[in-house]
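Here the protein sequences come in this chain order: A and B.
Residues in the first sequence are numbered from 1 upward in steps of one, following the numbering used here.
Residues in the second sequence are numbered from 1 upward in steps of one, following the numbering used here.
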Amino acid sequence: AQSVTQPDIHITVSEGASLELRCNYSYGATPYLFWYVQSPGQGLQLLLKYFSGDTLVQGIKGFEAEFKRSQSSFNLRKPSVHWSDAAEYFCAVVFIYLSNDYKLSFGAGTTVTVRA
Amino acid sequence: DSGVTQTPKHLITATGQRVTLRCSPRSGDLSVYWYQQSLDQGLQFLIQYYNGEERAKGNILERFSAQQFPDLHSELNLSSLELGDSALYFCASSVNPNTGETQYFGPGTRLLVL
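Here it is as C-alpha cells:
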C-alpha cells in the first residue's frame, strides 16, 4: 500500500547547526512531493515541492530538499537553523495515477526544537 | 498569509451538537480540500470539491458533510458530534486539481467537543 513515512518524531538541534529531516514513501511510481511547515497555532505553509526535473529543490526560508528515486526519499535540509525554525514539519505526497483527486497524503510529522 | 480564510478560529461545543465550518479559497482557486488534524490520526484528507462539485472523498464520516457554493466558498458540516471529533480542521485550495497544483492552507478551525 502507498505510504509516507517520517522516521523521526522529534529532533533537537542547536541554533546555527544543520538540520536534516527524513521522508520516505512507498509507491510504484514517482509521486509529487511536498514539504510543509506548521508553526505553533498556525496553518500549514508550503516550503518546497518536487514534481519532476532537477532533483535538488530550493524552497523558502533557506530550505532545500533532494529527491532520491533509488531510496524513495525526499529529505529536507537547512545548513544553519534559526530559532524561528522551531516548528512541526510535514512531508506530503500526491500519489498520482492512483486516482484523479490529487489529495495530499501526509507523514506523521517531525517536531523540531531549536536550542540556543 | 496564504489567502485562504477559515472561520471561526475556535469552536467549543458539546457532544451531540452540530457545527458548520466555513472556508473561503484564494481568489481564482476553484478546488477546495478539507483535512482533519488530530493527535491520534495525524493529518487526514476528508473531502474535495471542484467548482461546486464533489470530486473525491477520503476518510470522512457519514456524520460529516460538505458543500461548495457558487461563489466557491465551502462549508464543512459536522453533526452528532463526539469527543473524538475534537481536532483542527484545515481547508486548502488550489487552482486546478488536475495537475497536482500546490494546495494552500488556511489557518484552521480548532474544534473542541466537550
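Just so it is clear, CB atoms sit at the ideal spot from N, CA and C, and this is done for glycine as well.
Contact set between residue i and chain B, taken where Cβ atoms lie within less than 8 Å
i, result
"A/Gly109", "Gly42, Leu43"
"A/Lys61", "Chain B residues near A/Lys61: none, gap ~15 Å exceeds 8 Å."
Cα-Cα separation, residue i to residue j
i, j, result
"B/Leu11", "A/Tyr50", "36 Å"
"A/Gln45", "B/Val4", "11 Å"
"A/Cys23", "B/Gly52", "34 Å"
"A/Ala65", "A/Ala87", "17 Å"
"B/Leu61", "A/Gly59", "35 Å"
"A/Gly28", "A/Leu56", "21 Å"
"A/Asp8", "B/Pro70", "43 Å"
"A/Gln42", "A/Glu15", "22 Å"
"B/Tyr89", "A/Phe67", "30 Å"
"A/Asp54", "A/Phe63", "15 Å"
"B/Asp85", "B/Phe45", "14 Å"
"B/Gln17", "B/Asn96", "35 Å"
"B/Leu112", "A/Ser52", "41 Å"
"B/Cys23", "A/Gly107", "24 Å"
"A/Pro31", "A/Trp83", "32 Å"
"B/Ile47", "B/Lys57", "4 Å"
"B/Ser65", "B/Ala14", "19 Å"
"B/Tyr104", "A/Phe90", "14 Å"
"B/Asp29", "A/Ile96", "20 Å"
"A/Val81", "B/Asn59", "36 Å"
Under 8 Å from the C-beta of residue i: neighbouring residues of chain A
i, result
"B/Pro107", "Gln42, Gly43"
9 Å Cβ cut-off: residues of chain A touching residue i
i, result
"B/Phe90", "Gly43, Leu44"
"B/Ser2", "Gly43, Leu44, Gln45, Leu46"
Classification of residue i by the beta-carbon crowding that lies within 10 angstroms, buried from 16 upward
i, result
"A/Lys103", "buried"
"A/Glu109", "A small fix is needed here, since residue 109 of chain A is Gly in this sequence, not Glu. It counts as buried."
"A/Ala17", "exposed"
"A/Lys78", "buried"
"B/Pro25", "buried"
"B/Leu43", "buried"
"A/Leu47", "buried"
"B/Pro8", "exposed"
"B/Thr121", "Residue 121 of chain B is absent from the model: chain B starts at 1 and stops at 114."
"A/Leu76", "buried"
"B/Trp34", "buried"
"B/Arg55", "buried"
"A/Leu19", "buried"
"B/Leu83", "exposed"
Beta-carbon proximity of residue i to residue j, cut-off 9 Å
i, j, result
"B/Ser2", "B/Gly106", "yes"
"B/Gln68", "B/Tyr50", "yes"
"B/Val32", "B/Ser79", "no"
"A/Val112", "A/Thr12", "yes"
"A/Gln2", "A/Ser105", "yes"
"B/Leu20", "A/Phe34", "A small fix is needed here, since residue 20 of chain B is Thr in this sequence, not Leu. No, Cβ-Cβ distance for B/Thr20 and A/Phe34 is not below 9 Å."
"B/Ala87", "B/Gln41", "yes"
"A/Val93", "A/Tyr25", "yes"
"B/Leu81", "B/Arg63", "yes"
Proximity test, Cβ basis, 9 Å: residue i and chain C
i, result
"A/Phe67", "The structure shown has no chain C; the protein chains it does contain are A and B."
Beta-carbon neighbours of residue i, restricted to chain A and to distances below 7 Å
i, result
"B/Tyr33", "Lys103"
"B/Thr102", "Leu46, Lys49"
Contacts that residue i makes with chain B (C-beta to C-beta distance below 9 Å)
i, result
"A/Phe74", "None at all; the shortest Cβ gap to chain B is about 14 Å."
"A/Phe106", "Tyr35, Gln37, Gly42, Leu43, Gln44, Phe45"
Residue span of the beta strand (DSSP E) that contains residue i, given as start and end
i, result
"A/Asn24", "24-26"
"B/Ser93", "87-94"
"A/Trp35", "32-38"
"A/His82", "Segment: none, A/His82 is in no beta strand (DSSP E) and carries neither H nor E."
"A/Thr12", "10-14"
"B/Gln44", "42-50"
"A/Phe90", "87-94"
"B/Ala56", "53-57"
"A/Lys49", "44-50"
Within chain B, the residues that residue i reaches when beta carbons sit closer than 7 Å
i, result
"A/Phe90", "Leu43"
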